[in-house]
Structure formats: C-alpha cells, structure tokens
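In terms of the working numbering, the sequence shown opens at residue 68 and continues consecutively.
Glycine residues also receive a C-beta, built at the ideal position from the N, C-alpha and C atoms.
Here is the structure we will look at.
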Amino acid sequence: MPKKYKVIVKIKNNLYGTAYCVKYRVDDLLKFTLFLDKKWVEWKWFNVFSNVGVNKGKQLANFTKKSRPETKFV
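Structural data, given as structure tokens:
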C-alpha cells in the first residue's frame, strides 16, 4: 500500500539563492518531523500533499519549524 502523504521539504538555500528541496513519502507527520530534526537540522518548512485516493496531488497542509504538526495525520 502506498504511503499516505507526499512531502516536499525546503532544507536550505543553494549557493545561488535557490531553494534546496527534498521529497519524501510518509504516513506519520510527527515521526517525520523528528526525522527532519535529526537528518536535516537546517530544514525550514514542508508542504504535505495527498498521495492516495481522489485527492492525490492536492496540497493538504504546510508546516514550519515553529508551526509543527500536532497530530500524525492531517
């Protein structure tokens, strides 16, 4: 079964000022945020998109270091 969410994370700016982003597929937003804190200490924000069902590809939420998810699901 595919992961519930597709997440795009801004890690930092490149040397030329453009955003350096990475993409993950996740089910639990709380565990994912802890993962970001360990692997990508400099992360800035992430956007959450649906990865299943009729809303596949639709943006569901966005979070920052200061405005984090409070539940594991959106």
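Alpha-carbon to alpha-carbon, residue j and residue i
i: Ser134; j: Phe116; result: 17 Å
i: Val121; j: Phe113; result: 22 Å
i: Leu101; j: Pro136; result: 11 Å
i: Trp107; j: Ala86; result: 14 Å
i: Ala128; j: Gly84; result: 25 Å
i: Leu103; j: Trp110; result: 7 Å
Cutoff 7 Å; reference residue i; Cβ partners in own chain excluding five residues on either side
i: Asn118; result: Pro69, Lys70, Lys71, Tyr72, Lys73, Arg92
Assigned exposure category for residue i - 16 Cβ within 10 Å defines buried
i: Val76; result: buried
Residue j beta carbon less than 8 Å from that of residue i
i: Phe140; j: Leu96; result: yes
Sequence-distant residues of its chain with Cβ nearer than 8 Å to residue i (five each side left out)
i: Lys125; result: Phe116, Ser117
Same chain only: Cβ atoms within 6 Å of residue i, ignoring 5 sequence neighbours per side
i: Asp94; result: Lys70, Lys71
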